[in-house]
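The numbers in the UniProt record's numbering rise by one with no breaks, and the one at position 490 of the sequence shown is 490. Even glycine gets a Cβ: it sits at the ideal position worked out from N, Cα and C.
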Amino acid sequence: MMFGRTREEAVERLRGIVRDCVTKHLYSSAIFFADKVAAATSDPADIYMQAQALFLGRHFRRALHLLTSSSSSASLLHDLRFRYLAAKCLEELKEWHQCLAMLGDATVDEHGNVQDQNDSSAMSLDKDGEDHEINIIAAICFLRGKAYEALENRVQARQWYKAAVKADPLCYEALECLVDNYMLSCEEESSLLSSLQFGKDDGWLSTFYSCLIKKHDKESIVEAKFKDLERDGIGASDSPFGYSLKSNTDLLSGKAEYYHQCGEYQKCFELTSMLLGRDPFHLKCTLIHIVAAMELGHSNDLYLMACNLVRDYPQKALSWFAVGCYYYCIKKYDQARRYFGKATSIDGSFPPAWIGSGNAYAAQEESDQAMAAFRTGARLFPGCHLPMLYIGMEYMRTHNFKLAEQYFLQAKTICPSDPLVYNELGVVAYHMKEYPKAVQWFEKTLARVASSLNEMWEPTLVNLAHAQRKLKMYHKAVSYYEKALTFSTQSLSTFAGLAYTYHLQGNFDAAIAHYHKALWLKPDDLFCTEMLSLALEDDCRGNARRWE
Numbered sequence: 001m002m003f004g005r006t007r008e009e010a011v012e013r014l015r016g017i018v019r020d021c022v023t024k025h026l027y028s029s030a031i032f033f034a035d036k037v038a039a040a041t042s043d044p045a046d047i048y049m050q051a052q053a054l055f056l057g058r059h060f061r062r063a064l065h066l067l068t069s070s071s072s073s074a075s076l077l078h079d080l081r082f083r084y085l086a087a088k089c090l091e092e093l094k095e096w097h098q099c100l101a102m103l104g105d106a107t108v109d110e111h112g113n114v115q116d117q118n119d120s121s122a123m124s125l126d127k128d129g130e131d132h133e134i135n136i137i138a139a140i141c142f143l144r145g146k147a148y149e150a151l152e153n154r155v156q157a158r159q160w161y162k163a164a165v166k167a168d169p170l171c172y173e174a175l176e177c178l179v180d181n182y183m184l185s186c187e188e189e190s191s192l193l194s195s196l197q198f199g200k201d202d203g204w205l206s207t208f209y210s211c212l213i214k215k216h217d218k219e220s221i222v223e224a225k226f227k228d229l230e231r232d233g234i235g236a237s238d239s240p241f242g243y244s245l246k247s248n249t250d251l252l253s254g255k256a257e258y259y260h261q262c263g264e265y266q267k268c269f270e271l272t273s274m275l276l277g278r279d280p281f282h283l284k285c286t287l288i289h290i291v292a293a294m295e296l297g298h299s300n301d302l303y304l305m306a307c308n309l310v311r312d313y314p315q316k317a318l319s320w321f322a323v324g325c326y327y328y329c330i331k332k333y334d335q336a337r338r339y340f341g342k343a344t345s346i347d348g349s350f351p352p353a354w355i356g357s358g359n360a361y362a363a364q365e366e367s368d369q370a371m372a373a374f375r376t377g378a379r380l381f382p383g384c385h386l387p388m389l390y391i392g393m394e395y396m397r398t399h400n401f402k403l404a405e406q407y408f409l410q411a412k413t414i415c416p417s418d419p420l421v422y423n424e425l426g427v428v429a430y431h432m433k434e435y436p437k438a439v440q441w442f443e444k445t446l447a448r449v450a451s452s453l454n455e456m457w458e459p460t461l462v463n464l465a466h467a468q469r470k471l472k473m474y475h476k477a478v479s480y481y482e483k484a485l486t487f488s489t490q491s492l493s494t495f496a497g498l499a500y501t502y503h504l505q506g507n508f509d510a511a512i513a514h515y516h517k518a519l520w521l522k523p524d525d526l527f528c529t530e531m532l533s534l535a536l537e538d539d540c541r542g543n544a545r546r547w548e
C-alpha cells in the first residue's frame with residue numbers, strides 16, 4: 001500500500017528522489033531508489049535511470065549487466081542511448097574491443113564523414129536531438145575515437161574525432177583531443193573548422209574555436225579574432241556571452257599561448273601569472289606558464305610550480321614535466337631526462353614531454369637518443385611540426401645539411417606559417433653557401449614577424465645581414481646589422497659583421513671603430529684582432545696615397 005498516494009504518484013516521487021540524489025552526488029541512495037522504481041515499472045526509461053545511477057556510482061559491471069542481460073536487453077540496445085551507456089561502461093573497464101563492438105559497425109572516411117553499415121534505422125531512436133543537447137551521434141563518434149586511440153590506432157581515432165565534432169560542433173572534447181594531441185596539420189584544422197555547421201546562436205563559438213587552434217597565422221588575423229571575442233557589445237549580434245568572455249580564463253590562456261608562439265615570453269608569463277592567481281588549477285594555463293618560465297630562466301618559479309603540481313597531481317604527466325623543466329632550466333640535464341621520461345611513461349600522448357626529452361638529450365650532444373625522442377613525437381603527433389624541426393636542427397648540428405633541409409621542409413608542410421621554420425631553412429641554406437636562397441628565407445621569416453619583431457629575432461637579422469654581405473649587398477647588410485643592434489648591444493657577431501662590411505666597403509674608420517667595439521666584448525677574439533690590424537694598415541695606406 002502506498003500510504004494514500006496513487007501508484008503513479010509514488011513512483012514519480014521516487015524518480016524525483018533519484019534525480020535529486022544524483023544532483024547531490026548521493027549515488028548509493030540514487031542506486032537504491034532507482035532499483036525500486038525499475039522493479040515497479042519495468043519501463044525502459046527507468047531501467048536507463050537505474051543504469052545511469054550505477055554508472056555514476058562506479059558500478060560499471062553491474063550497470064553493463066543490467067543493460068545487456070535483462071530479458072528486454074535486445075530491444076533496449078536498439079536505442080542509441082542504451083548502447084552508448086553500455087559502451088561507456090566498457091570504456092571504464094578498459095575493454096576497448098568490446099566497446100567498439102557495442103557501438104556497432106560503422107566506417108568513417110578521412111574527412112570525418114560516417115557511413116553507418118547496420119544502424120541506420122536506429123538513428124531515428126535518437127532522443128537527444130534538441131538544440132540545447134549534444135547529439136548522441138557525436139558522443140558515440142567521440143567514444144569510438146577514444147577507443148581507437150587507446151588501441152593505438154591514431155589514424156582511426158583522428159577520423160572519428162573529426163566525425164564527432166562535425167556531427168555536433170558543441171562536442172568540444174573531440175576538438176580538444178584533435179588540437180591538444182596535434183592530430184591535424186594547420187591546414188587540416190582550418191579546413192575542419194570551416195566545415196562545421198554552427199547553430200544560429202553559436203557564431204561566437206566559431207570564433208572561439210578559431211582562437212584555440214594553432215596560432216601561427218598572421219599577427220593581424222589572430223589578434224583580430226581575440227578582439228572580436230573581447231570587444232564589448234559582441235553579444236548584441238552574435239552571442240549572449242559576449243560581455244563575459246572578455247575576462248574568460250580559457251580565452252586569455254589561448255592569448256598567452258599566442259604570446260609564447262610569438263616569442264613574447266615576458267608578456268606570456270605576466271598574463272599566465274595573473275590567470276593562475278585567479279584560477280590556480282587551470283592546467284592548460286599552467287602548461288603555458290611553465291614553458292614561459294623556462295624560456296625566461298625563472299628557475300624559482302619553476303621549482304615552486306613543480307612542487308605544487310607533484311603534491312596536487314602526482315598521477316599527471318604535467319607534474320613531472322614541470323620537474324623536468326626545472327632541472328633543464330638549471331642545466332642538470334640527466335635529471336631533466338629522467339623526469340621527462342617519467343612524464344612520457346605516465347602519458348605517452350603528452351607532446352611537451354617528448355619534445356623536452358629530446359632537447360635534454362640534444363643539450364648533452366647525445367644525438368641518437370635525441371633523434372629517437374623526436375621521431376617518436378613525430379609519429380605520435382603528426383600535426384606537430386616541432387619534432388621535424390628539432391630533427392632538422394640535430395642534423396644541422398652534425399653538418400648533415402641536406403637531410404636537415406628535408407626535415408625543415410617537412411615541418412613547413414605541416415605548419416607553413418611558423419617563422420622559426422623559415423629561419424632554420426635560411427640557416428641551412430647559408431651553411432650550404434646558397435646565399436640567394438638564404439636571403440629569401442630570412443626575408444620571409446621577418447615578413448611573418450614584422451608587427452611583433454623583438455629580441456628573439458635578432459639572430460635572424462644578423463644572419464640576413466651576413467648573407468647579404470656574402471652577396472656584396474653591403475648597404476642592405478649594414479642596415480640589418482644596425483637594426484639588430486637596436487635589440488642587442490652585446491653581440492660580438494653583429495659588431496664583427498658590421499665592422500667587416502664597412503671594411504669591405506672601404507670605410508676604414510667605421511670598420512676600425514666597430515672592430516674595437518667587438519674586441520671590447522671579447523678581447524681575445526682572433527678574427528677581430530687580425531682584421532683590426534688589416535683595417536689599420538689599409539687605412540694608413542689609404543691616407544698615404546691621399547698625401548702623395
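C-beta neighbour in chain E for residue i, strict 8 Å
{"i": "SER345", "result": "The structure shown contains no chain E, having only a single protein chain."}
Terminal residues of the beta strand (DSSP E) in which residue i lies
{"i": "THR107", "result": "106-108"}
Cβ pair residue i, residue j closer than 8 Å
{"i": "TYR422", "j": "ARG397", "result": "no"}
{"i": "residue 549", "j": "LEU389", "result": "Given a span of 1 to 548 for the chain in the structure shown, any question on residue 549 remains unanswerable."}
{"i": "GLY263", "j": "MET456", "result": "yes"}
{"i": "VAL165", "j": "LEU196", "result": "yes"}
{"i": "ALA174", "j": "ASN135", "result": "no"}
{"i": "residue 576", "j": "THR249", "result": "One cannot answer for residue 576 here, as it falls past the ends of the chain, which runs 1 to 548."}
{"i": "PHE55", "j": "ALA45", "result": "no"}
{"i": "THR207", "j": "LYS227", "result": "no"}
{"i": "SER357", "j": "ARG337", "result": "yes"}
{"i": "LEU93", "j": "PHE142", "result": "no"}
{"i": "VAL114", "j": "ALA163", "result": "yes"}
{"i": "ALA496", "j": "PHE527", "result": "yes"}
{"i": "ALA360", "j": "TYR333", "result": "yes"}
{"i": "TYR182", "j": "CYS21", "result": "no"}
{"i": "PRO169", "j": "LEU205", "result": "yes"}
{"i": "TYR259", "j": "LYS246", "result": "no"}
Delimiting residues of the alpha helix (DSSP H) encompassing residue i
{"i": "GLY377", "result": "367-380"}
{"i": "ALA17", "result": "At residue 17 the sequence reads Ile, which differs from the Ala that was named. Counting along the chain, the alpha helix (DSSP H) containing ILE17 begins and ends at 7-23."}
{"i": "ASP279", "result": "Per DSSP, ASP279 belongs to no alpha helix (DSSP H) and is neither H nor E."}
{"i": "HIS466", "result": "458-470"}
{"i": "ARG337", "result": "333-346"}
{"i": "ASN300", "result": "299-312"}
{"i": "LEU100", "result": "96-103"}
{"i": "CYS325", "result": "317-329"}
{"i": "ILE391", "result": "386-397"}
{"i": "SER210", "result": "203-212"}
{"i": "GLN364", "result": "Segment: none, GLN364 is in no alpha helix (DSSP H) and carries neither H nor E."}
{"i": "ILE414", "result": "401-414"}
{"i": "VAL478", "result": "474-485"}
{"i": "PHE32", "result": "27-41"}
{"i": "ILE288", "result": "283-296"}
{"i": "GLN52", "result": "44-56"}
{"i": "TYR148", "result": "136-150"}
{"i": "GLU173", "result": "172-180"}
{"i": "PRO419", "result": "419-431"}
C-alpha gap between residue i and residue j, whole angstroms
{"i": "TYR265", "j": "SER299", "result": "15 Å"}
{"i": "GLU149", "j": "VAL155", "result": "8 Å"}
{"i": "HIS503", "j": "ALA510", "result": "8 Å"}
{"i": "TYR303", "j": "THR272", "result": "16 Å"}
{"i": "ARG158", "j": "THR489", "result": "48 Å"}
{"i": "THR68", "j": "LYS200", "result": "39 Å"}
{"i": "GLN261", "j": "LEU318", "result": "19 Å"}
{"i": "THR41", "j": "GLU9", "result": "12 Å"}
{"i": "ALA535", "j": "THR486", "result": "25 Å"}
{"i": "SER239", "j": "ILE330", "result": "A caution first: SER239 carries a pLDDT of 48, below 50, which makes its placement in the model unreliable, though a value can still be read off. One C-alpha to the other measures close to 47 Å."}
{"i": "GLN353", "j": "THR344", "result": "The question names Gln, but residue 353 is Ala in the sequence shown. Computed Cα separation, rounded: 6 Å."}
{"i": "ASP119", "j": "VAL108", "result": "Since pLDDT at ASP119 reaches only 49, below the 50 mark, its modelled position is unreliable, and no value is offered."}
{"i": "LEU255", "j": "PHE350", "result": "A small fix is needed here, since residue 255 is Lys in this sequence, not Leu. Roughly 21 Å separates the two Cα atoms."}
{"i": "GLN364", "j": "LYS472", "result": "38 Å"}
{"i": "PHE281", "j": "PRO436", "result": "50 Å"}
Inter-residue CB distance, residue i and residue j (contact presumed, cutoff 8 Å)
{"i": "ALA404", "j": "VAL428", "result": "5 Å"}
{"i": "GLU394", "j": "ALA370", "result": "6 Å"}
{"i": "ALA499", "j": "HIS514", "result": "3 Å"}
{"i": "ALA467", "j": "PHE442", "result": "6 Å"}
Near the ligand PLP: residue i beta-carbon under 7 Å from a heavy atom
{"i": "GLU91", "result": "The model on display carries no ligand, and the ligand PLP is accordingly not part of it."}
Determine, using beta-carbon pairs with one atom in the stretch 310-317 and one in the stretch 290-302, whether at least three such pairs fall under 8 Å. no
Examine the Cβ distances between the stretch 77-89 and the stretch 102-109 and report whether three or more of them are shorter than 8 Å. yes
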